[in-house]
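Trainee: Residue numbers (full-length UniProt numbering), protein chains in the order written: chain Y, 1 to 158; chain S, 1 to 158.
Next up is a structure, given as structure tokens.
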DNA sequence: CACTTTAGTAGTCATAGTGCTCACTCTAAT
DNA sequence: ATTAGAGTGAGCACTATGACTACTAAAGTG
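Okay, here's the thing in structure tokens:
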């Protein structure tokens, strides 16, 4: 088995089974997992300790619909930046709490920023704030009209 | 308090506190949460039952680094589609397991698809498969070079 | 205003789960 | 053949859970 759960190592079939079951029911007990997966309780216990441990693959996160925190709108903002002051830029962008993710991508645009907001005006304000971040030269905003496939990971655990 | 946790309702301060603590430590016990947040055990128990309950705001999901399941590369693919056969298209795209999310967006591109893959060749294969989905007329691929700000939600729980 | 509803607190209880050991087995690698 | 790593099943003391109680406080209704 390929079980060493450290950076760069893969999850084996048992890890995936456990994580999949946990995705179904995040607060399932160890005993329940063991029983429903046909494993010994100690085994699940040990796996979980590794998965959640210091250099494990921290395995869960909150999945709050942005609407539940007053920000039902989503937008994708792409931004072109001057490479010079990159670290300062990252700091500036990080401070915008509406920013949910920021990726550096290949292609015409340098940054790919995902944002949640209360309404259209709010998105406008966020865009303005982004324009004021050090190094940002241009932005382009796309509003998310529909979640065609909501974010999913469990299909990767097979 | 604004506590009815149903669709369209907001999380109140207590819900947010609990979820934030849970984001830190997904497997924290109810007793621990109660103690560290200065609430009665029964209160946390009741809140959690609602949050995770049938019409609660299902609150956690697995957060597996795609590298841990053999797909260290990420890409954003934008696709233009013919509106006609939309439902069929969604079905086709859903069947591609490398697709992690698919959003309908405003602007020039109709779909905004996030993909994980084993390597560049794998991304190429996924792109080819997307092109073969009913209704897709054009795609454009951006490789994710760096996670400038990793996906984060907890800043919204304040 | 009195009344009802809803949420929280602090306490109890029986049941169940946890984290930990141990001795044993199985498998793959040396 | 021997060793190292993982899984098993069992047992242990300890803790957490879920469900209950009686009581309090705040908010909404007639």
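Backbone N, C-alpha and C define an ideal beta-carbon position, used for all residues, glycine too.
Is DSSP giving residue 57(S) helix, strand or coil here?
Mentor: Residue 57(S) falls in the coil class under three-state DSSP.
Trainee: Kindly list, in the order they appear in chain Y, the residues whose Cβ is closer than 8 Å to that of residue 44(S).
Mentor: Here the premise fails: no neighbours, minimum Cβ distance about 12 Å.
Trainee: Any idea what DSSP makes of residue 140(S), helix, strand or coil?
Mentor: Reduced to three states, the DSSP call for residue 140(S) is strand.
Trainee: Below 8 Å between beta carbons is the criterion; list the residues of the stretch 47-72 of chain S that meet it against any residue of chain Y, in chain order.
Mentor: Here the close residues are 48, 52, 57, 58, 59, 60, 61, 62, 63, 64, 65, 66, 67, 68, 69, 70, 71.
Trainee: So the candidates are 46(S), 113(S), 51(S); which of them puts its Cα closest to the Cα of residue 138(S)?
Mentor: Of the candidates 46(S), 113(S), 51(S), the one whose C-alpha sits nearest the C-alpha of residue 138(S) is 113(S).
Trainee: Taking 7 Å as the threshold (C-beta atoms), are residue 93(S) and residue 100(S) in contact?
Mentor: No, the pair does not count as a contact, with Cβ atoms beyond the cut-off.
Trainee: At least one CB of chain S closer than 7 Å to the CB of residue 90(Y): is that the case?
Mentor: Yes, contact with chain S.
Trainee: Compute the minimum distance between the beta carbon of residue 51(Y) and the heavy atoms of the ligand SAM, and state whether it is under 6 Å.
Mentor: The model on display carries no ligand, and the ligand SAM is accordingly not part of it.
Trainee: Run through chain Y and tell me which residues come within less than 8 Å of residue 146(S), C-beta to C-beta.
Mentor: Going along chain Y in sequence order, the residues near residue 146(S) (Cβ under 8 Å) are 103, 104.
Trainee: What distance in whole Å lies between the Cβ atoms of residue 126(S) and residue 115(S), which are believed to be in contact at a cut-off of 8 Å?
Mentor: So it is a contact: roughly 5 Å between Cβ atoms.
Trainee: Kindly say whether residue 23(S), judged by its beta-carbon, lies nearer than 7 Å to any beta-carbon of chain Y.
Mentor: Output row for residue 23(S): interface = yes.
Trainee: Could one say the Cβ of residue 143(S) lies closer than 7 Å to chain Y's Cβ atoms, at least one of them?
Mentor: Chain Y, which has a Cβ nearer than 7 Å to the Cβ of residue 143(S), makes this yes.
Trainee: Using DSSP with H/G/I as helix, E/B as strand and the rest coil, what is residue 49(Y)?
Mentor: In this structure, residue 49(Y) counts as helix in the three-state DSSP scheme.
Trainee: Quick check: is the beta carbon of residue 19(Y) nearer than 7 Å to any beta carbon in chain S?
Mentor: Cβ-Cβ to chain S under 7 Å: yes for residue 19(Y).
Trainee: Where does the unbroken beta strand (DSSP E) through residue 18(Y) begin, and where does it stop?
Mentor: Element bounds for residue 18(Y): not the beta strand (DSSP E) but the alpha helix (DSSP H), 13-24.
Trainee: Could you check the C-alpha separation between residue 40(S) and residue 15(S) for me, to the nearest Å?
Mentor: Roughly 14 Å separates the two Cα atoms.
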